[in-house]
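For the sequence shown, UniProt numbering gives the first residue as 1, with consecutive numbering after it.
Yeah, the Cβ is synthetic: ideal placement off N, Cα and C, and Gly gets one too.
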Amino acid sequence: MITSDELPSIPSTAFKDLQISNHEDLYTLSNHKQMKTISYMESQFENPMHTDGFNDRVTQQKVLLEQADAIDNRIYGTVKLYSIGLHKQVKIRLTTDNWISSRDSYATYIPNSHDGTYDRFSFILEINRDRICAGNNIQFCICYESFNGLEYWDNNNQENYRFNCLSRTIPDYSI
């Protein structure tokens, strides 16, 4: 069983039956690694549910991100809100171009999450892969629309929730 992310080093004895012209070719065969560049998103904020006074902030603001994590080209998250009535919507406003344009996605109520005071919603934001390139950033904020027409926003203290897009080179094991 291989337990390392490194490619194995192949000893020269494994190539003894090959017709190789010189030692340099043998070295190239045993140590050559194909590489590829991948792009990914990295959170630029601490997940609020892990901060002191989280529930107090939810009660005060009425809506607050619990946590969000990026996997591949999606951001998965949950939102906690102070329940003001039965009918409510939670939308996530997302931009990939620093608010030149934006789009809204609606979060889904998490069944049986109401505890008498708070409700929880979940969301998945799918990001166009062309927008996940080094140097770009993805931002979002959250809006709780209550039954009485009032809106409550969570924009991470006017910083928005940001994911920086980064890239790195890794071995290409698919070859």
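(request) Could you spell out the range, first to last residue, of the alpha helix (DSSP H) harbouring Phe54? (result) 54 to 61
(request) From the DSSP output, in three-state form, read off Pro171 for me. (result) strand
(request) Determine the closest residue to Glu66 out of Arg168, Asn156, Leu166, with distance taken between C-alpha atoms. (result) Asn156
(request) May I have the straight-line CA-CA distance separating Val63 from Ala134, to the nearest angstrom? (result) 31 Å
(request) Over the uninterrupted beta strand (DSSP E) stretch that includes Asn137, give me the two end residues. (result) Judged by DSSP secondary structure, Asn137 falls within the beta strand (DSSP E) whose first and last residues are 137 to 146.
(request) Within its chain, find whatever has a CB closer than 7 Å to the CB of His114; leave out the 5 residues flanking it on each side and keep chain order. (result) Ser83
(request) Might you give, ordered along the chain, the residues of its own chain that have their beta carbon closer than 6 Å to the beta carbon of Ile124, omitting 5 neighbours on each side? (result) Arg74, Tyr76
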